[in-house]
Amino acid sequence: MKQKFRTLMQYPLLVLFFAFIVGFMVLDALWPKRAYSDLERRQLAQRPNFNVGQLLRNEWTALYESYTKDQVVFRDFWMKAQSASESLLFQKVELGGALVGKNDALYTKMFALTPTEEKLLAKNTMLVQQFIQGFEGDVTLLLAPSASLIYQDQLPAGTPMLDEDAALNTIFEAAGTSHVLDLRTLYQENKEQPLFYDTDHHWTSWGAYLAYRAFCEQKGLTPMEVEQTDFVQVPGFLGTTYSKALYWNTKPDTLSYLELDNTMQVWNIDTQLNLTENFSSGLYDMSQLSGTDKYAMFLYGNNGYSTIQGNGEGSILVVKDSYANCFIPFLCENYERIGVIDPRGYKLSIQELAKQEGYDQVLLLFNFQTFKSSNDLNGLALS
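Below is the structure:
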């Protein structure tokens, strides 16, 4: 036994290597398993139940491989280390589906439409066109441009981005220019202001406020007068684009919101359009500010159907993605009642609800990146 030990000691690196492997395997087996990664903002794979059929089809091994990757010990550290090595050692500017700009801001990678996105973009454009033509009231389409379109000069040199300008032109032409609020010129003229977050794909509350002022101007409304200093500032915000890239030199954003005392009702709704209240609250879920997804504080996230009591006159229904969540509070100044539909959680006819609830106007508010790939807008179809 002593002789074997002396022999092993002649190869210390080999001994250390095997000790490391065995120790890592034991630690990995004992390491607590997680259901969700706050860093990556996604559900993590869980241990798959063994199935002979899946094994023979080579499906179970793929599931188990995903499980071992997602549950590996010190996963967050390895993910950050990989991103840092790719950007520092290999000078990569594309990390996890995000692009690192010249100003260290992160932009969503959007090189070309996939075949599926091409079909969805054409379908969604047609649905918007049909809704505008079929709804008796006033309808406005606001497609917020991407940060990568406004700040093209900050993208890595030679980045082959999708021609978003051409795509927006096609959508706006189909919708009819009288029904469109086009922010591109306004944003280009104000690009030195904080329009978008550096770590997230959303516009900032200030960017949303400028869009709101443009909406008021188009509708002949008097906008709420707000300065940047009027917003409550919440530092330490790392958004979803950072969760993709995990860029080592990222500086956290500051999220901001305007304190308002308006109330919101979130509704359950059946196929006969009967409404029952789910819960009532203010406009902000303050508990989210202590978590990783701080933007979810606006309107308590993405509910199927909600209504807000405003301070103005008339009513408006906003059909939206999450871009509208920090925009809608400003509308409290101008409307008495604001309806909010997120098509991801509302699968019924939007036109029927708008008629039943007697909304005077409809605002369709989406970000282009969501609009081009959404499969949730069928509710806009004519009933």
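Mapping to our numbering: the sequence shown position 48 is 44, numbers consecutive.
C-beta: ideal position from N, C-alpha, C; glycine also.
On a CA-only basis, which of the options is nearest residue i? Give me that one, please.
i	options	result
Ser302	Leu279, Leu117, Ala170 and Lys290	Leu279
Tyr331	Pro28, Glu113, Phe211 and Asp72	Phe211
Phe326	Phe107, Pro219, His197 and Gln78	Pro219
Leu256	Asn274, Ile304 and Lys247	Ile304
Gln150	Leu109, Met106 and Leu102	Leu102
Gly232	Ser252, Thr225 and Tyr243	Ser252
Arg38	Lys240, Leu295 and Leu373	Lys240
Pro44	Arg53, Phe73 and Thr64	Thr64
Thr267	Glu61, Lys247 and Gly375	Gly375
Leu84	Trp244, Asn307, Glu309 and Val176	Trp244
Leu360	Ile312, Glu353 and Cys328	Ile312
His175	Pro248, Lys29, Gly133 and Leu109	Gly133
Leu269	Ala77, Phe131 and Gln352	Gln352
Leu109	Phe131, Gly93, Asp159 and Asp289	Asp159
Val358	Asp34, Leu59, Arg53 and Val135	Val135
Asn371	Arg333, Asp317 and Asn321	Asp317
Glu213	Val228, Leu177, Met157 and Tyr355	Leu177
Val68	Lys29, Gly49 and Ala94	Lys29
Leu234	Asp194, Gly216 and Ile265	Asp194
Gln42	Thr181, Phe275, Asp356 and Ala31	Ala31
Glu36	Ala77, Ala143 and Tyr238	Tyr238
His198	Pro156, Thr250 and Asp161	Thr250
Gly306	Asp281, Leu285, Gln284 and Arg333	Arg333
Ser277	Leu285, Ile265, Met293 and Asp289	Met293
Gln189	Gly216, Ala207 and Leu52	Ala207
Gly310	Phe275, Leu217 and Leu285	Leu217
Thr104	Asp226, Gly354, Trp56 and Pro156	Pro156
Thr173	Gly154, Leu137, Ala163 and Met282	Leu137
Can you round the beta-carbon distance between residue i and residue j to whole angstroms, since I take them to be within the 8 Å contact cut?
i	j	result
Leu179	Pro141	6 Å
Val314	Gly335	7 Å
Val230	Tyr205	Their Cβ separation, rounded to whole angstroms, is 16 Å, which puts Val230 and Tyr205 out of contact at 8 Å.
Gln184	Trp202	Not confirmed; about 16 Å, so no contact.
Asp196	Thr236	6 Å
Lys187	Ile146	6 Å
Leu295	Ile337	Leu295 to Ile337, Cβ: 12 Å. No contact.
Asn363	Tyr291	Going by Cβ atoms, the distance from Asn363 to Tyr291 rounds to 13 Å, so no, they are not a contact pair.
Cys328	Asn258	5 Å
Leu242	Ser79	4 Å
Is residue i helix, strand or coil when you go by DSSP?
i	result
Arg340	coil
Glu252	Rather than Glu, the amino acid found at residue 252 in this sequence is Ser. Looking at Ser252 - three-state DSSP - the assignment turns out to be strand.
Glu221	coil
Asp257	coil
Val315	strand
Phe46	coil
Val89	coil
Phe275	strand
Asp194	coil
Val124	helix
Tyr183	helix
Ala380	What the structure shows of the chain is the stretch from -3 to 379, and residue 380 is not part of that stretch, so it cannot be assessed.
Asn264	strand
Ala31	coil
Thr104	strand
Asn99	coil
Thr303	strand
Asp289	coil
Asn54	coil
Asn270	coil
Gln365	helix
Arg333	strand
Ala118	helix
Leu158	coil
Pro111	helix
Gly130	helix
Leu234	coil
Gly308	coil
Pro152	coil
Asp372	coil
What are the residues that DSSP puts in a beta bridge with residue i?
i	result
Phe294	Tyr280
Trp244	Note: Trp244 sits in no beta bridge, so no partner.
Gln229	Ser252
Trp199	Phe192
Ala204	Partner(s): none; Ala204 has no beta bridge.
Val358	Val135 and Leu313
Ala94	Leu91 and Thr104
Val176	Leu137
Should residue i be listed as close to the ligand NAD, given that the test is whether its C-beta is under 6 Å from any heavy atom?
i	result
Val96	For the structure depicted, the ligand NAD is absent and the ligand set is empty, with no information on it obtainable.
Within 7 Å (strictly less), CB to CB, does residue i reach chain D?
i	result
Leu217	Looking for chain D here will not work: only one protein chain is present.
Notebook entry, point to check: Between the segment 332 to 341 and the segment 292 to 299, are three or more C-beta pairs nearer than 8 Å?
Noted result: yes
Item checked: Three CB pairs or more closer than 8 Å across the segment 361 to 370 and the segment 112 to 130 -> yes
Margin query: Count Cβ pairs between the segment 122 to 131 and the segment 94 to 113 that sit closer than 8 Å; are there 3 or more?
Written below: no
Checklist line | contact_flag[the segment 345 to 361, the segment 83 to 103] where n(CB pairs < 8 Å) is 3 or more | finding: no
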